[in-house]
Amino acid sequence: MSKHQLLRRALPAALAGGVALTLGLTANAQVLERSIDTENQITRNAAQVQAQINQVADQTDDIVAEYRGLLNEIESLRIYNDQLQRVVNNQEEEIVQINDDLANLEATNRDVVPLMIEMAETLPRLIQADVPFRLDERLGRAEFLVDALDLADVTTSEKYRRILEAYLDEIELGRTTEGYSGQLPSGQEVNFLRVGRTLLFYQSLDGTLTGWWNPNSREFEQLGDQYRLPVSDGLAIAQNQVAPDLVRLPVPAPESE
């Protein structure tokens with residue numbers, strides 16, 4: 015067999031081997047490429063799963079935080095409701111106490127109102143029988159108390175307080191001295207000197223006429239000129255024009271029965 019014949023036989027075989035090698039390399043490359051693609055896909059899928067896990071974790075944290083907030087709010091509401099309940103219980107106790115007080119007050123009013131009426135109606139009579147100093151002013155206050163008994167917008171306790179206050183004011187007048195201007199029943203303008211509720215003197219504005227209220231005759235009577243200066247001094251002391259000093263003034267003797 016010649017060399018050319020051998021070469022012709024060997025060349026197809028070599029070509030066939032090269033083709034087989036090429037085909038083998040191509041197949042391996044495709045497998046490798048698919049493996050890389052698969053790995054990349056797994057990586058992408060893993061990244062997506064991790065993102066979903068992170069999202070779920072964030073949502074879980076939010077839910078846990080919201081749950082804890084709700085627990086705190088529930089506890090606050092429980093404490094608040096407990097406090098409200100104590101307030102309501104206390105108010106209910108106060109309502110019971112007020113109802114009891116109202117019932118007792120009604121019974122007290124039934125006992126006090128007649129006494130108040132008697133005191134209010136007696137005060138004008140006492141003033142009329144008293145030394146007639148500031149008579150219109152005192153009678154006006156006393157008569158107002160009588161009229162106020164029928165006022166619906168004034169509570170019984172307030173009416174009682176006003177009556178007691180009026181009596182206390184009258185009692186206080188018995189321990190004071192004052193000088194003031196006024197009129198005699200005749201209409202003459204004079205200066206009055208009151209010593210407690212025992213003595214009441216008067217003196218004309220020009221100082222020429224001096225007199226007093228005689229509790230025995232219950233009349234204003236003129237006094238002698240010897241009392242002009244003592245009454246004038248008494249007026250000056252009562253009006254804080256001079257320092258207090260002893261003044262000789264007539265005192266009525268008690269009438270024999």
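Under the working numbering, the residue at position 205 of the sequence shown is numbered 219, and the numbers go up by one with no gaps.
Note that CB positions come from ideal geometry on N, CA and C, so glycine has one too.
Please identify the residue among the options whose C-alpha is closest to the C-alpha of residue i.
{"i": "V160", "options": "P138, A166, D144, Q142", "result": "P138"}
{"i": "Q197", "options": "A134, Q66, L149", "result": "L149"}
{"i": "A180", "options": "R155, T190, P258, G201", "result": "R155"}
{"i": "P199", "options": "E89, E172, E108, W227", "result": "W227"}
{"i": "L140", "options": "L129, E157, V78", "result": "E157"}
Given a cut-off of 7 Å on the beta-carbon distance, is the pair residue i and residue j in contact?
{"i": "E203", "j": "L219", "result": "yes"}
{"i": "R211", "j": "E192", "result": "no"}
{"i": "T169", "j": "N123", "result": "no"}
{"i": "D247", "j": "V265", "result": "no"}
{"i": "G225", "j": "L237", "result": "yes"}
What do you get for residue i, buried or exposed, if any count of 16 or more other CB atoms within 10 angstroms of its CB means buried?
{"i": "G221", "result": "exposed"}
{"i": "Y94", "result": "exposed"}
{"i": "L21", "result": "Here L21 scores only 48 on pLDDT, less than 50, and its place in the model should not be relied on; the value that follows carries that caveat. It is exposed - the Cβ of L21 has fewer than 16 other Cβ atoms within 10 Å."}
{"i": "R152", "result": "buried"}
{"i": "R82", "result": "exposed"}
{"i": "V245", "result": "buried"}
{"i": "R134", "result": "Looking at the sequence shown, residue 134 is not Arg but Ala. The residue in question, A134, is buried, as its Cβ has 16 or more Cβ neighbours within 10 Å."}
{"i": "Q142", "result": "exposed"}
{"i": "V101", "result": "exposed"}
{"i": "Q55", "result": "exposed"}
{"i": "F215", "result": "buried"}
{"i": "Q73", "result": "exposed"}
{"i": "G201", "result": "exposed"}
{"i": "L165", "result": "exposed"}
{"i": "Q255", "result": "exposed"}
{"i": "L84", "result": "exposed"}
{"i": "I177", "result": "buried"}
{"i": "Q97", "result": "exposed"}
{"i": "Q217", "result": "buried"}
{"i": "L249", "result": "buried"}
{"i": "A252", "result": "buried"}
Could you round the C-beta distance between residue i and residue j to whole angstroms and report it? I think they count as a contact, below 8 Å.
{"i": "Y194", "j": "V126", "result": "Their Cβ separation, rounded to whole angstroms, is 35 Å, which puts Y194 and V126 out of contact at 8 Å."}
{"i": "F147", "j": "F206", "result": "6 Å"}
{"i": "I112", "j": "L163", "result": "That belief does not hold up - the Cβ atoms of I112 and L163 are roughly 25 Å apart, past 8 Å."}
{"i": "P229", "j": "V145", "result": "7 Å"}
Practice prompt. Check whether the region 236 to 252 touches the region 182 to 189, counting contact only when three or more Cβ pairs, one atom from each stretch, lie closer than 8 Å.
Written response: The region 236 to 252 is not in contact with the region 182 to 189.
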